[in-house]
Structure formats: structure tokens, C-alpha cells
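Visitor:
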Amino acid sequence: MDWLGPEGWQAVALSLKVSIWATLCALPPGIAVAHVLARRDFPGKQILNGLVHLPLVLPPVVTGYLLLLGFGPNGPLGRLLEPLGIEFAFRWTGAALAAGIMGFPLLVRAIRLSIEAVDPRLEQAAATLGASRVWVFVTVTLPMILPGMVAGAVLGFAKAMGEFGATITFVSNIPGQTQTLPSAVYAFLQVPGGEPAAMRLVVISVAVAMGALLISEAVSRRVARRVAGT
């Protein structure tokens, strides 16, 4: 494994760590937001929908700068969380936060489409039998949207793996601490003779992304067959 070097493997390991945590932390609120957008009508719904998808249209550097303003050492949320020992700026946790926010719209959209594909009459029938909204969601809706959840989680993971602009703006590019795979590629390209190392990281990045998509497809199909058979 010397062909990549310690710094390259550190970047790969950190990227996987950041992407997994970003996806796991974004999934519960993503499911909740997707369900609200799919099943509820309320004033300000379009505003919420716009805020959810805002990271897709904003320049990533702007998103990173806004995170720095809010969660930085002098930001209001940063000062609020500091006494609790929670810090994001210039730490891997900040990279996970930035990656999770950038992948959140893709995750929500996939889950929302899955929820909208579920016949509301099935949920209404369960509700007429006395089941609460939470129980209806857990027992009826959730099993039927599992393929969409898997697809959304993988899209969020893939986006987190490739996130660069917001991450480097918010947590910088510190080797071994905040230097993710895209940041490492950028760093190698800035030094003479760094192109071979950058290309090796690119190959690993493509392999991880393709592997995640293939696994997602296989899991989604298996879950879909299982749900259809129940």
C-alpha cells in the first residue's frame, strides 16, 4: 500500500469517516423533512423546500463561509456549543457537517419521491384502525420507502465523499485532521510532481463512488423485492 503514501491513505480514511457520519446524521432529519414536504400543506412550505435545496444552487464556498460565520469560534452557534465541548470549525466534525448539508438536498429528494409514491389510502386505512401517525409511518410508510431511503443515503454519501468547496472553506485543508480526499487531490496538484499521487487518489475516489452506487442498486432491488413480497 506504499503506492499511495501515508498522507493519501489518511485522506481516504478521513473521507470515509466524514461521509459515513455525515450520512448517518443527515438521515433522520432528512426522513422527517421529506415526510413533511410530501404529506403536509402549510404556510411557508415552499420556503422550507427552497431552504432544503439551497445548497444545490449556492456556490459551495458560500455555504462554507456561512457555516464559518455561524459555527466558527466567533459565530453565535459556535459560542453556544463551545461550553459543551462541541467544535466544528477546522475539525473533522466540521467537515462532516459541511458534507452532510451539501448532500442533504439529494437525500431529501430521493426519500420524498418515495413517500409520494406510497398510496395515501394505505396510511389512511391504518389510521382508521386507531393507529397514531407515528405508528402508521413506522409500520406502513417506512417499510415501503426503504429503497428510496437507501438510494437517498447513498446519494448523500457520494456527495459527501466528493465535497470540496464548503469543506475547505469551513475547516481548511489540514493533513491528517481535515484533509479529505478531494482536498488531498487539490493539494497534490499544487506541488510539482504531485500529479501521479493525485491520479491515484482520483482512481480510489471513482472506485469508492462506483462501489457505493452498485451496492445501493443491489440493496434497493433486494429491499424492493422483499417489500413487494410482504
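Just so you know, the working numbering puts 1152 at position 113 of the sequence shown, and the rest follows in order with no gaps. All residues carry an ideal CB built from backbone N, CA and C; glycine is no exception.
1. One question on the structure: do Ala1236 and Gly1103 come within less than 8 Å of each other, judged by their Cβ atoms?
2. Check each candidate in Met1188, Arg1172, Ala1248 and Thr1132 and name the one with the smallest Cα separation from Ala1156.
3. Tell me, to the nearest whole angstrom, how far the beta carbon of Val1241 is from that of Val1230; I am working on the premise that it is less than 8 Å.
4. Return the residue from the list Ser1222, Val1245, Gly1139 and Leu1108 that minimises the CA-CA distance to Val1091.
5. Applying the 10 Å Cβ sphere with the 16-neighbour rule, what's the burial state of Thr1178?
6. Curious, which full-length alpha helix (DSSP H) runs of at least 4 residues does the region 1188–1265 contain?
7. If you measure between the beta carbons of Leu1107 and Ala1128, is that distance less than 8 Å?
8. DSSP on Val1157, reduced to helix/strand/coil?
9. Just list the alpha helix (DSSP H) runs in the region 1118–1168, keeping only unbroken ones of 4 residues or longer that don't cross its boundaries, in chain order.
10. Where does Lys1198 land, buried or exposed, given buried means 16+ other C-beta within 10 angstroms?
11. From Pro1082 to Glu1234, what distance separates their C-alpha atoms?
12. Could you pull out every residue in the same chain whose Cβ sits closer than 6 Å to the Cβ of Lys1056, ignoring the five residues on either side in sequence?
13. Out of Met1141, His1074 and Gly1109, point me to the one whose CA is closest to Phe1203's CA.
14. For the region 1200–1220 and the region 1145–1159, state whether three or more C-beta atom pairs, one from each stretch, are separated by less than 8 Å.
15. Leaving aside the five residues before and after Trp1060 along the sequence, list all residues of the same chain whose C-beta is less than 7 Å from its C-beta, in chain order.
Guide: For this structure:
1. no
2. Met1188
3. At roughly 16 Å, the Cβ-Cβ gap does not stay under 8 Å, so Val1241 and Val1230 are not in contact.
4. Gly1139
5. exposed
6. 1204–1210 and 1220–1228
7. yes
8. coil
9. 1131–1156 and 1159–1167
10. buried
11. 52 Å
12. none
13. Met1141
14. no
15. Ala1135
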